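Undergrad:
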Amino acid sequence: MTTNDTGMYGLPTRVVFCSRCVMSNQRPASVPEYRHTLDARKPTLRIDEDGVCDACRHAEIKQRIDWAGREAALVELLARHRRQDGLYDCVVPGSGGKDSAFAAHVLKYKYGMHPLTVTWPPMLYTDYGYQNYLSWLQVGGFDNITMRPNGRVMKTLTRLSIENLLHPFQTFILGQKSIAAKIAADVGVPLVFYGENEAEYGNPIADSETSLRDRAFHALDDPEGTYLAGVSLAELLSEHALELVDLKPFLPAEAERVDRSGIEVHYLGYYLKWTPQEVYYYAVENTGFKARPYRTQGTYSKYNSIDDKIDDLHYYTTYAKFGIGRATYDSSQEIRNGHLTREEGLALVKRFDGEFPDRYFDEVMTFLEIDPTAFHHLVDRFRPPHLWAQVDGTWRLRHTANRAGVDD
Amino acid sequence: MRPPDVAIVDYGMGNLYSIESACAAVGLTAVVTAEPEVLTAAPALILPGVGAFGEAMRRLGDSGLDELLRRSVGPRRPVLAICLGMQLLFEESEEFGDTRGLGLLPGRVVRFPPAQPGDERGAGHKVPAIGWSAVSMAAPAERTGWAVSPLTGIPDGEHFYFIHSYYVRPDDPGIVATRTTYAGVEFASSLVYQNVFACQFHPERSGPAGLQIYRNLAAALRSSE
Chain A
8 MTTNDTGMYG LPTRVVFCSR CVMSNQRPAS VPEYRHTLDA RKPTLRIDED GVCDACRHAE
68 IKQRIDWAGR EAALVELLAR HRRQDGLYDC VVPGSGGKDS AFAAHVLKYK YGMHPLTVTW
128 PPMLYTDYGY QNYLSWLQVG GFDNITMRPN GRVMKTLTRL SIENLLHPFQ TFILGQKSIA
188 AKIAADVGVP LVFYGENEAE YGNPIADSET SLRDRAFHAL DDPEGTYLAG VSLAELLSEH
248 ALELVDLKPF LPAEAERVDR SGIEVHYLGY YLKWTPQEVY YYAVENTGFK ARPYRTQGTY
308 SKYNSIDDKI DDLHYYTTYA KFGIGRATYD SSQEIRNGHL TREEGLALVK RFDGEFPDRY
368 FDEVMTFLEI DPTAFHHLVD RFRPPHLWAQ VDGTWRLRHT ANRAGVDD
Chain B
106 MRPPDVAIVD YGMGNLYSIE SACAAVGLTA VVTAEPEVLT AAPALILPGV GAFGEAMRRL
166 GDSGLDELLR RSVGPRRPVL AICLGMQLLF EESEEFGDTR GLGLLPGRVV RFPPAQPGDE
226 RGAGHKVPAI GWSAVSMAAP AERTGWAVSP LTGIPDGEHF YFIHSYYVRP DDPGIVATRT
286 TYAGVEFASS LVYQNVFACQ FHPERSGPAG LQIYRNLAAA LRSSE
């Protein structure tokens, strides 16, 4: 059947948009980055026979969940782990954004836990991001361990992940997903809480049926077949003058160590209803969180993913690779949560999706020692032919949510 | 448990989250429901609406809520009809061919002229209209809705948030409460009829001015207790 044909990155060649939100079937699911190579085939967002995507179906399920029952299960889980002997009883990873601010704060002040917060910082903090990180700890009131990896290695890996995968955010994601379990094992605190489940955004729905996070994100079973920046570990060690100790911060803990320490990684979003806008208001009131007074380039929003200077570029690359820009991600989420209608989402996508993020671009390129012109050529090589057409020297999408693409 | 102040009519078409939040912000307890008993018993009704006219009428018809609304929208209790909810009160809409509405008010629902691309001076317009527009108060008629007026405390020229491609053209100009101009068309952006306040804009998404309308609803309910 032609609908099952796949193009670059294993994306379906027939582009379909969800009839409720503005997301397309080109959105890949989150899978462990240390398996990511150019040939890797990720599952993509399923849109069912009624034209509704899995993320919207999940939002529907979320309305019917017995949240009181889920909270009771949380209270029971916390009772088993709570300590009064001066030691930490849970670990909450985060950079000081709204989600980690909310998670750490409710656990400590509503449920009487004693969290240790753990941070894998952005490669280049924005001013607002750094202030929010400090406020989280100072206004919110938390102990924190920040693991800052070797800057030269970080830079090398980030440059390679751009060149090989057009994925400037990979080094951040690697650490962000694995750091908490490693530190939890070090300090002997087995209970770890992340915030929202990736299924909210369209991983297979079965992923959201459990509070436990897929251990592949934080436990490494098989060092064979492990890649960073799309390059095998062996090649990194031999070709890039790196040592294993340099790469360890970017890799999950060994599975055996995770199991021996009894690490359990939960999504707090499984137990408590997670609405990004509500979480934002909570963070403003309780941990001194501040949104940026100006919108983020490529979208209309001011309060999410604002702490890393490379983040705007990340969404610019998703626009090139999957035809999905940041306004599509943001407005789809807000449509699902009932804050926007699809018509408004369409208008926002039309206006902001794919806007070039020039605010930090030069600084990021200088930092990574990448020639800006070379970067643009690179982007063009990563545009799948089934998504992009060149019209009079300009790249245009073949299909858009607004049905204004070259082939619509 | 005390019954809710407001029943929000749930026929699967609307931005109910914002409406619930707006009610909560002014101390009104609200329930989203399609239960005929709850809708009949509620001290006030909100008829929301986002989406297509025909689909909305089909859903109301399938659930029998159309008949219930015809009976319960009138002088007895306060009703707030928003956006598509306002349009549904009329006889017919030209959306997707002519579609019959609830027929409580004589008049038609018509579409804005087709979009015109803007030039450097910003002329031209988009459809749907999405954004903030000013409302100007129509000459005050003798009104009885919502005790004094649903627009108490709203200055002439206040801005509200709109998202729509269609607008209502009532046969009776006497029911028009505010007018707004978009795409060169002056249209009825709100109206008061018996105890019904219907608005094309979204008070639940219009900041403090919008909340003032909810506050007026709360005041009307308290004064009738």
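As they're listed, the protein sequences go chains A and B.
To convert, count from 1 in the first sequence and add 7; that's our numbering.
To convert, count from 1 in the second sequence and add 105; that's our numbering.
All residues carry an ideal CB built from backbone N, CA and C; glycine is no exception.
Remember, predicted model here, so these are calculated numbers, not experimental data.
Compare the C-beta of B:I113 with all C-beta atoms of chain A and state if any pair is closer than 7 Å.
TA: Counted from its first residue, the second sequence places residue 113 of chain B at position 8. Closer than 7 Å: no.
Undergrad: Take A:T325 and list the residues in its own chain whose beta-carbon comes closer than 6 Å to its own, dropping the five residues that flank it on each side.
TA: Locating residue 325 of chain A in the first sequence gives position 318, where the first residue counts as 1. The residues are I331.
Undergrad: Let me check understanding here. Comparing Cα to Cα, which of B:V253, B:S329, B:F217 and B:V178 lies closest to B:A293?
TA: Residue mapping note: residue 293 of chain B aligns to position 188 of the second sequence, counting from 1. Of B:V253, B:S329, B:F217 and B:V178, the residue nearest in Cα terms is B:F217.
Undergrad: If we cut at 7 Å on Cβ distances, does A:T3 have a partner in chain B?
TA: For residue 3 of chain A there is no data in the structure shown, the boundaries of chain A being 8 and 415.
Undergrad: Within 10 Å of its beta-carbon, does A:Q177 have 16 or more other beta-carbons around it, so buried, or fewer, so exposed?
TA: For the purposes of this step, residue 177 of chain A is taken as residue 170 along the first sequence, with counting starting at 1. Buried, because 16 or more other Cβ atoms sit within 10 Å of the Cβ of A:Q177.
Undergrad: What's the C-alpha gap between A:M8 and A:E56?
TA: Sequence index remark: in the first sequence, residue 8 of chain A carries index 1 (1-based). Sequence index remark: in the first sequence, residue 56 of chain A carries index 49 (1-based). Bear in mind that the predicted position of A:M8 carries a pLDDT of just 37, short of 50, making it too unreliable to give a figure here.
Undergrad: Could you name each continuous beta strand (DSSP E) segment of 3 residues or more that falls completely within the segment 227-296 of chain B, going from the start of the chain to the end?
TA: Runs of beta strand (DSSP E) with 3 or more residues, each lying fully within the segment 227-296 of chain B, are found at 234-239, 264-269, 271-275 and 281-287, listed in chain order.
Undergrad: Work out the CA separation of B:F302 and B:P308 for me, nearest whole Å.
TA: Translated into the one-based positions of the second sequence, residue 308 of chain B becomes position 203. Translated into the one-based positions of the second sequence, residue 302 of chain B becomes position 197. When rounded, the distance between both Cα atoms is 11 Å.
Undergrad: Does B:Y298 get closer than 7 Å to chain A when you measure Cβ to Cβ?
TA: Start at 1 with the first residue of the second sequence, and residue 298 of chain B comes out as number 193. B:Y298 does not count as touching chain A.
Undergrad: Between B:P222 and chain A, is there a C-beta pair that is closer than 7 Å?
TA: Counted from its first residue, the second sequence places residue 222 of chain B at position 117. Taking 7 Å as the CB threshold, B:P222 stays off the interface with chain A.
Undergrad: Residues in its own chain within less than 7 Å of A:L164 by CB, not counting five upstream and five downstream?
TA: The residue labelled residue 164 of chain A in the question sits at position 157 within the first sequence. The beta carbon of A:L164 is closer than 7 Å to those of T178, L235, A236 and F257 in its chain, skipping five residues each way along the sequence.
Undergrad: Would you kindly work out how many angstroms separate the C-alpha atoms of B:A112 and B:L173, rounded to a whole number?
TA: Taking the second sequence and counting its residues from 1, the one referred to as residue 112 of chain B is at position 7. Taking the second sequence and counting its residues from 1, the one referred to as residue 173 of chain B is at position 68. So the two alpha carbons sit approximately 13 Å from each other.
Undergrad: With 7 Å as the threshold, decide whether the Cβ of B:I151 is near any Cβ in chain A.
TA: The count along the second sequence starts at 1 and reaches residue 151 of chain B at position 46. Not an interface residue.
Undergrad: Okay, do the segment 121-133 of chain A and the segment 89-100 of chain A touch, 3+ Cβ pairs below 8 Å being the bar?
TA: yes
Undergrad: Taking A:N157 as part of the alpha helix (DSSP H), name the residues at either end of that continuous run.
TA: Reading the first sequence from its first residue, position 150 is the one you call residue 157 of chain A. Here A:N157 belongs to no alpha helix (DSSP H), and DSSP marks it neither H nor E.
Undergrad: Which of the three DSSP states, helix, strand or coil, is assigned to A:A298?
TA: As a working note, residue 298 of chain A is residue 291 in the first sequence. Correct three-state label for A:A298: coil.
Undergrad: Counting Cβ pairs closer than 8 Å, one from the segment 64-79 of chain A and one from the segment 361-379 of chain A, do we hit at least three?
TA: no
Undergrad: From the beta carbon of A:E40, is the nearest beta carbon of chain B less than 7 Å away?
TA: In the first sequence, the residue the question calls residue 40 of chain A occupies position 33. It does not: the Cβ of A:E40 has no partner Cβ on chain B nearer than 7 Å.
Undergrad: State the Cα-Cα distance for the pair A:G195 and A:S268, rounded to the nearest angstrom.
TA: Mapped onto the first sequence, residue 195 of chain A falls at position 188. Mapped onto the first sequence, residue 268 of chain A falls at position 261. If you take the alpha carbons of A:G195 and A:S268, they lie about 7 Å apart.
Undergrad: Any beta-carbon of chain B closer than 7 Å to the one on A:T9?
TA: As a working note, residue 9 of chain A is residue 2 in the first sequence. Because the pLDDT of A:T9 is 42, which lies under 50, any placement of that residue in the model is unreliable, and the number read from its coordinates should be weighed accordingly. Not closer than 7 Å to any Cβ of chain B, the Cβ of A:T9 fails to qualify, so no.
Undergrad: At the 7 Å Cβ level, is A:E350 part of the contact set with chain B, yes or no?
TA: As a position in the first sequence, residue 350 of chain A is number 343, starting the count at 1. At least one chain B Cβ lies under 7 Å of A:E350.
Undergrad: Kindly give me the distance between the Cβ atoms of B:A243 and B:A282, rounded to whole angstroms, as I take these residues to be in contact under 8 Å.
TA: Working through the second sequence from its first residue, we reach residue 243 of chain B at position 138. Working through the second sequence from its first residue, we reach residue 282 of chain B at position 177. With a Cβ gap of about 6 Å, B:A243 and B:A282 count as contacting.
Undergrad: According to DSSP, is B:A220 part of a helix, a strand, or is it coil?
TA: The residue labelled residue 220 of chain B in the question sits at position 115 within the second sequence. Coil at B:A220, not helix or strand.
Undergrad: Beta carbon of A:F296, beta carbon of A:N151: below 7 Å?
TA: Working through the first sequence from its first residue, we reach residue 296 of chain A at position 289. Working through the first sequence from its first residue, we reach residue 151 of chain A at position 144. Judged by their CB atoms, A:F296 and A:N151 are not nearer to each other than the 7 Å cut-off.
Undergrad: How long is the line joining the alpha carbons of B:E263 and B:Y272, rounded to whole angstroms?
TA: Here residue 263 of chain B refers to the residue found at position 158 when the second sequence is read from its first residue. Here residue 272 of chain B refers to the residue found at position 167 when the second sequence is read from its first residue. C-alpha separation (whole angstroms): 19 Å.
Undergrad: How far does the beta strand (DSSP E) with A:W402 in it extend, from its first residue to its last?
TA: Stepping through the first sequence from its first residue, residue 402 of chain A is reached at position 395. Counting along the chain, the beta strand (DSSP E) containing A:W402 begins and ends at T401 to L404.
Undergrad: What number of angstroms, rounded off, separates the C-alpha of A:G202 from the C-alpha of A:G276?
TA: Taking the first residue of the first sequence as position 1, residue 202 of chain A is located at position 195. Taking the first residue of the first sequence as position 1, residue 276 of chain A is located at position 269. If you take the alpha carbons of A:G202 and A:G276, they lie about 5 Å apart.
Undergrad: Starting from the beta carbon of B:L121, find every residue of chain A whose beta carbon is closer than 8 Å, and list them in chain order.
TA: For the purposes of this step, residue 121 of chain B is taken as residue 16 along the second sequence, with counting starting at 1. Contact annotation for B:L121 against chain A: G345 [CB-CB distance below 8 Å, chain order].
Undergrad: Along chain B, in chain order, which residues have C-beta atoms closer than 7 Å to that of A:A1?
TA: The first residue shown for chain A is 8 and the last is 415, placing residue 1 of chain A beyond what the model contains.
Undergrad: Mark A:R53 as exposed unless 16 or more other C-beta atoms lie within 10 angstroms of its C-beta, in which case mark it buried.
TA: Taking the first residue of the first sequence as 1, we reach residue 53 of chain A at position 46. With 16 or more Cβ atoms within 10 Å of its Cβ, A:R53 is classed as buried.
Undergrad: Can you confirm whether the segment 290-306 of chain A touches the segment 331-345 of chain A when touching is taken to mean that 3 or more C-beta pairs between the two stretches lie within less than 8 Å?
TA: Because the criterion of three Cβ pairs below 8 Å is met, the segment 331-345 of chain A and the segment 290-306 of chain A touch.
Undergrad: Along the segment 260-291 of chain B, what residues have a CB closer than 8 Å to any CB found in chain A?
TA: I268
Undergrad: For the alpha helix (DSSP H) containing A:Q33, list its first residue and its last residue.
TA: Position 26 of the first sequence holds residue 33 of chain A. Counting along the chain, A:Q33 falls outside any alpha helix (DSSP H), and DSSP gives it neither H nor E.
Undergrad: Would the segment 80-92 of chain A count as touching the segment 186-193 of chain A if we require 3 or more Cβ pairs under 8 Å?
TA: Segments in contact, no.
Undergrad: To which residues of the same chain is B:V215 closer than 6 Å at the C-beta, ignoring the five residues directly before and after it?
TA: Locating residue 215 of chain B in the second sequence gives position 110, counting from the first residue. The residues are E199 and R274.
Undergrad: By how many angstroms is the C-alpha of B:P313 removed from the C-alpha of A:Y301?
TA: The residue you call residue 301 of chain A lines up with position 294 of the first sequence. The residue you call residue 313 of chain B lines up with position 208 of the second sequence. Distance between the alpha carbons of A:Y301 and B:P313: 22 Å.
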